[in-house]
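With the UniProt record's numbering, the residue at position 174 of the sequence shown is 174, and numbering never jumps.
Where is the CB? At the ideal position from N, CA and C, for every residue including glycine.
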Amino acid sequence: MAEASTEYLKLFVAETTWYNEIVLGSIVPGEAWRRLPHFFQSWLRNFLGGTLVYFLSGFLWCLVIYYWKRNVYVPKDAIPTNHAMYLQIIVAMKAMPWYSALPSISEYMIESGWTRSFATIGEVGWPMYFVYLAVYLVIVEFGIYWMHRELHDIKPLYKWLHATHHIYNKQNTLSPFAGLAFHPLDGILQAVPHVLALFIVPCHFTTHVAAIFCEAVWTANIHDCIHGKVWPVMGAGYHTIHHTTYRHNYGHYTVWMDWMFGTLRDPEEDEHLKKS
């Protein structure tokens with residue numbers, strides 16, 4: 001791992017500056033954004049990029065499952081109303097400025113040399129890159145599972161934070177737009193494991209940034225009520241059960257943590273229980 005010298009840290013700053021140029025230079029009219037401090041440029045880029053990913057993934061998902069493939073993936077009576085989706089968008093967009101602060105802070109910590117991040121894969125080689133990535137993802141999965149579970153188990157946290165998301169508690173109130181419809185602090189807490197992992201395991205900077213943005217796409221997926229049945233992926237079938245029972249399937253990308261800690265409920269078993 002390269003020493004966190006001033007010259008080395010400039011590699012991270014150069015990379016975030018490049019991201020800012022791509023996003024802000026393409027979306028924001030004029031050059032006024034260049035006069036902002038670097039941190040606020042990154043925050044603006046994360047806000048605009050996160051908003052773009054949220055709307056693109058949400059609208060494309062809804063176009064396919066509710067209109068193009070209407071009644072194929074989701075029964076007609078399970079399709080949420082446009083008004084319900086509009087309210088989810090309002091909740092998500094109120095939180096988006098706050099969501100955007102977390103990756104901006106993580107980038108600042110990386111640029112300051114406080115984490116174990118590395119700038120290029122060549123520094124560690126491809127085999128160790130994948131080893132570090134696997135450990136990073138396990139830490140994230142473990143952290144999100146327990147953060148999510150405690151947001152349910154600690155009653156004040158549930159009442160004041162997580163309940164905002166759980167008003168979507170049955171199939172015809174869930175949609176891809178519900179994926180980011182959280183109280184701002186709730187959404188940030190569930191993403192914090194991504195940042196904490198940077199202090200535990202070496203992580204490729206670009207991969208970390210991409211992983212955070214993948215969250216927006218993934219949360220759209222697990223709120224569409226379509227069960228893909230790809231073990232051990234925590235598909236929408238599992239997450240829909242979470243929204244209806246409140247006590248199962250707290251995991252994020254996989255079902256492993258729920259299996260290990262006794263909170264897993266399989267969609268097929270759930271369907272059998274409903275019929276019996």
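- In this structure, R265 places its C-beta atom within 9 Å of the C-beta atom of I241.
- Y66 has its alpha-carbon roughly 8 Å from the corresponding atom of Y73.
- Nearest neighbour of Y54 by Cα position, chosen from V217, W98, P267, I105, turns out to be V217.
- Under a 10 Å Cβ-count criterion, I79 is classified as buried, with 16 or more other Cβ atoms of the shown protein chains found around its own Cβ.
- According to the DSSP assignment, Y99 belongs to the alpha helix (DSSP H) that extends over 82 to 99.
- In the three-state reduction of the DSSP assignment, H204 falls in the strand class.
- In the structure shown, F118 adopts extended strand secondary structure according to DSSP, grouped into three states.
- The C-beta distance from Y132 to V124 rounds to 7 Å, short enough to meet the 8 Å contact threshold.
- In summary, D258 is buried, with 16 or more beta-carbon neighbours lying within 10 Å of its beta-carbon over all protein chains present.
- Counting only runs of at least 4 residues, the region 207 to 251 fully encloses the following alpha helix (DSSP H) elements, listed from N- to C-terminal order: 236 to 245.
- Shortest Cα-Cα distance from S104 to any of F182, A119, L48, N172 involves L48.
- The three-state reading of DSSP puts T173 in helix, counting H, G and I together.
- A119 sits away from F39, with the two beta carbons spaced by 9 Å or more.
- Residue pairing of T254 in beta bridges, as defined by DSSP: V233.
- Going by DSSP, E150 is part of the alpha helix (DSSP H) stretching over 126 to 153.
- The residue among L157, A95, E111, N249 with its C-alpha nearest the C-alpha of Y8 is E111.
- At a Cβ-Cβ threshold of 9 Å, V255 and Y19 do not count as neighbours.
- Three or more beta-carbon pairs separated by less than 8 Å are not found between the region 225 to 239 and the region 146 to 157, which leaves the two stretches without contact.
- Distance check between L102 and each of D224, A211, E268 places A211 closest, using alpha-carbon atoms only.
- The beta-carbon separation of L198 and S106, rounded to 7 Å, stays under the 8 Å limit for a contact.
- In chain order, S57, G58, W61, C62, A220, H223, D224 place their CB closer than 7 Å to the CB of P176, counting only its own chain and leaving out the 5 sequence neighbours on each side.
- When the five nearest sequence neighbours on each side are left out, the beta carbons in the same chain lying within less than 6 Å of the beta carbon of I27 are those of L48, in order along the chain.
- In summary, G187 is buried, with 16 or more beta-carbon neighbours lying within 10 Å of its beta-carbon over all protein chains present.
- Contact between Y99 and P37 is ruled out by a C-beta separation of about 20 Å, above the 8 Å threshold.
- Between H243 and L174, the CB-CB gap stays under 9 Å.
- Contact check for Y168 against Q88 passes: the beta carbons are separated by less than 9 Å.
- I167 carries a coil assignment under DSSP once its states are collapsed to helix, strand and coil.
- When P127, T245, S117 are compared, the shortest CA-CA separation from V195 is found for S117.
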